[in-house]
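Below is one structure, written out as structure tokens, with a few remarks after it.
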Amino acid sequence: MNELDITLPFSESEIDYDNYTFSLLCLCTMHKIIKNPEFIKNEIDKIFVENANQYSKREKSSLPIKTAREIYNSILYTSDVYLRSLNNDYCAVQTLCRTKFDLIILKGQQIIMQYFEESRLIFKKAFELKFNFNVYEYQYVMNTAFDIFYKNYSARFNAQDICASIDYPLINMQAYEVKLKGVIFIHYYYTAIYLENKFLKLFDEKKIEAVLKAYGKIYSSDYRNLHINLAEPVFLNLIGGILSDRGFSLDFCVNDIKVIECRYSYMNENEIKQTVEKIFCEYSCKINDNEVFQYIKKNISWFASQLHIHLNNETISNFIPAI
Amino acid sequence: MNDIFTLNFDNYDNSLSNKNEIIETNEKSIEFGLKLSEKEAVMLIENEKESLNNNERIMFGKSPTVKLIEKFMKSSYITQDTYSETIAELTDVFYEVCEESEDLLTDEEIINIMYYFFEQKCGGSIELLEGTYLEEICRNIRNFNSGISEF
């Protein structure tokens, strides 16, 4: 039915990875890799009609368009999950062309169920490390959001939805900036929360609170009223401290700002990044958990670029919360 | 981008089979002195499409118009003169009730409720059915669903 050359006739930049299946189907049709798109569309439609019937318990023959779209998008998302798991556009195209669509959906559903179950275990571990700081979004994410997701998530009818409102940001990333959907988002997000909680557990709670208070002062507000990530100020204070010879502690204070200015003002962004990364790596044994270490380390680049900007503007005190 | 792979409502359009199904109901309705012509069947299909469109719905199974015909052919208030028009109006009411009742009722439940009120309370008046009884039923269903009242 379909033919495929060894290389794809379209580039990666043409693929919409957020709507992977849809994008590949369109590109493959356009480039005549799929010669009978109606056949695949017909397979998708059959699955849609069956899912719509299941949704209505076979007792209704019509649905609101909004619900129909969710069911249809759920099918495409399930396919996305499987095709993205192949980690290769060529393999994904090959699979789309040569595998029956209901088999792709079946494999997608298996992965979704696996992620669903793993997410529960990840959340459980994150919850065990939970803090009681009165930051509304954090407490909501720990006490409510996951339960809502777990109770209401539908892998069949609305797999791309998380069924809950998650606003609590991660270190250097708003929740809405995480370009993932459905259970894959939940899996990624709660893994990050787990690693952040684990990171925070390396420090004394009173010290953490002191850093949060100092962070609030930067914005002339109580930290509890800010839309903040708990681990971010701690990360900033920690790195600030490491760079000013305070060691692996949350002791970075106002006097240390001068030390940083003296040492790093003459460096360009790349030099700062390399230096900070090198010094941070020396403390890997203090973190003693490679997952947490790698998670924190990936924010060093952002830290370095921000530090460079604030050094130029002489506004370090607005960047690193000093106790 | 090629839009063949988007959700296309026409793909679930079973106009031809629906038309045949409507015509097939004549075999039974003839016992009640009612019959639909091919032209009327086409009108009912078009009417249903419009009603779906007006209520932002998509049909994927057996046409509710056919289900309505099968139920209402027994009505004592429907005559051959008004048959197709009444079924068209009932189809419009049906889809409004689907929306207004937040899809909590099955097709069969809606049709049974409509039939009961049409026969027992409204004397065959669709205006009365739509404006009074069904409106109240839908309100009760919504309130019940949102925990405001008991049904």
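So the sequence lines, in the order shown, correspond to chains A and B.
Note that the first sequence covers residues 46 to 368 in the working numbering.
Note that the second sequence covers residues 67 to 217 in the working numbering.
Cβ atoms here follow ideal geometry from the backbone N, Cα and C, with glycine treated the same way.
DSSP state of residue i mapped onto helix, strand, coil
{"i": "A/L356", "result": "helix"}
{"i": "B/S150", "result": "helix"}
{"i": "B/L73", "result": "coil"}
{"i": "A/M218", "result": "strand"}
{"i": "A/N344", "result": "coil"}
{"i": "B/G32", "result": "Because chain B is modelled from 67 through 217, residue 32 of chain B falls outside the range shown and cannot be assessed."}
{"i": "A/F293", "result": "coil"}
{"i": "A/V223", "result": "coil"}
{"i": "A/M46", "result": "Residue confidence is low: A/M46 scores 45 on pLDDT, short of 50, so the model does not pin down where it sits. Its coordinate-derived value is still stated next. Correct three-state label for A/M46: coil."}
{"i": "B/M139", "result": "coil"}
{"i": "A/T144", "result": "coil"}
{"i": "A/Q339", "result": "helix"}
{"i": "A/T112", "result": "helix"}
{"i": "A/R103", "result": "coil"}
{"i": "A/H232", "result": "helix"}
{"i": "A/Y213", "result": "coil"}
{"i": "A/C326", "result": "helix"}
{"i": "B/K128", "result": "coil"}
{"i": "A/A237", "result": "helix"}
{"i": "A/N118", "result": "helix"}
Neighbourhood of residue i by C-beta, 6 Å cutoff - its chain only, sequence neighbours within 5 removed
{"i": "A/S101", "result": "none"}
{"i": "A/E88", "result": "F146"}
{"i": "A/N335", "result": "none"}
{"i": "A/M46", "result": "Annotation note: pLDDT 45 at A/M46 (below 50); position unreliable, no value reported."}
{"i": "B/C188", "result": "L194, L195"}
{"i": "A/Y65", "result": "D125, L128, R129"}
{"i": "A/A237", "result": "L215"}
{"i": "B/N74", "result": "none"}
Residues near residue i by beta carbon distance below 7 Å, same chain, minus five either side
{"i": "A/A209", "result": "A190, I193, F194"}
{"i": "A/D134", "result": "L53, E57, I60"}
{"i": "A/S164", "result": "V228, I231, H232, Y235"}
{"i": "A/Q351", "result": "F364"}
{"i": "A/S199", "result": "none"}
{"i": "B/E166", "result": "C204"}
{"i": "B/Y149", "result": "L100, L102"}
{"i": "A/V321", "result": "I284, L288, I345, F348, A349"}
First and last residue of the uninterrupted alpha helix (DSSP H) at residue i
{"i": "A/R308", "result": "301-309"}
{"i": "A/S329", "result": "329-332"}
{"i": "B/R123", "result": "Element bounds for B/R123: not the alpha helix (DSSP H) but the beta strand (DSSP E), 123-125."}
{"i": "A/F176", "result": "Taken as a continuous stretch (DSSP letters only), A/F176 belongs to no alpha helix (DSSP H), as it is neither H nor E."}
{"i": "A/N313", "result": "It is not in any alpha helix (DSSP H) - A/N313 carries neither H nor E in the DSSP assignment."}
{"i": "B/Y181", "result": "173-186"}
{"i": "A/E88", "result": "82-100"}
{"i": "A/A193", "result": "Sequence inspection shows Ile at residue 193 of chain A; the Ala mentioned does not correspond to that position. From DSSP, the alpha helix (DSSP H) with A/I193 extends over 191-197."}
{"i": "A/I361", "result": "No alpha helix (DSSP H) holds A/I361; DSSP gives it neither H nor E."}
{"i": "A/M187", "result": "No alpha helix (DSSP H) holds A/M187; DSSP gives it neither H nor E."}
{"i": "A/F280", "result": "276-288"}
{"i": "A/A259", "result": "250-263"}
{"i": "A/C73", "result": "65-75"}
{"i": "A/N270", "result": "It is not in any alpha helix (DSSP H) - A/N270 carries neither H nor E in the DSSP assignment."}
{"i": "B/E104", "result": "104-120"}
beta-carbon residue i near the ligand FMN non-hydrogen atom, thresh 7 Å
{"i": "A/I120", "result": "Looking for the ligand FMN in the displayed structure turns up nothing, as the structure carries no ligands at all."}
Residue burial classification, residue i (beta-carbon count within 10 angstroms, cutoff 16)
{"i": "A/D206", "result": "buried"}
{"i": "B/N86", "result": "exposed"}
{"i": "A/E48", "result": "Interpretation of A/E48 is limited by its pLDDT of 49, a score under 50 that renders its predicted location unreliable; the figure taken from the coordinates is listed afterwards. That one is exposed."}
{"i": "A/G285", "result": "buried"}
{"i": "A/I354", "result": "exposed"}
{"i": "B/F217", "result": "Caution applies to B/F217, whose pLDDT of 47 falls short of 50 and renders its modelled position unreliable; the value that the coordinates give is listed next. Exposed is the call here."}
{"i": "B/D147", "result": "exposed"}
{"i": "B/S83", "result": "exposed"}
{"i": "A/M158", "result": "exposed"}
{"i": "B/G197", "result": "exposed"}
{"i": "A/K323", "result": "exposed"}
{"i": "A/Y264", "result": "exposed"}
Beta-carbon separation (whole angstroms), residue i vs residue j, contact threshold 8 Å
{"i": "B/L100", "j": "B/I144", "result": "7 Å"}
{"i": "B/Y161", "j": "B/N121", "result": "4 Å"}
{"i": "A/V337", "j": "A/K243", "result": "5 Å"}
{"i": "A/V279", "j": "A/F248", "result": "7 Å"}
{"i": "A/L257", "j": "A/F178", "result": "7 Å"}
{"i": "B/T72", "j": "B/M139", "result": "That belief does not hold up - the Cβ atoms of B/T72 and B/M139 are roughly 38 Å apart, past 8 Å."}
Continuous beta strand (DSSP E) stretch holding residue i: start and end
{"i": "A/P109", "result": "107-109"}
Spatial neighbours of residue i in its chain, beta-carbon cut-off 8 Å, leaving aside the 5 residues before and after
{"i": "A/I92", "result": "I120, F146, D147, I150"}
{"i": "A/T74", "result": "P82"}
{"i": "A/V138", "result": "L49, L53, L69, C73, I78"}
Min CB distance residue i to chain D below 8 Å
{"i": "B/F71", "result": "The chain labelled as chain D is not found among the protein chains of the depicted structure, namely A and B."}
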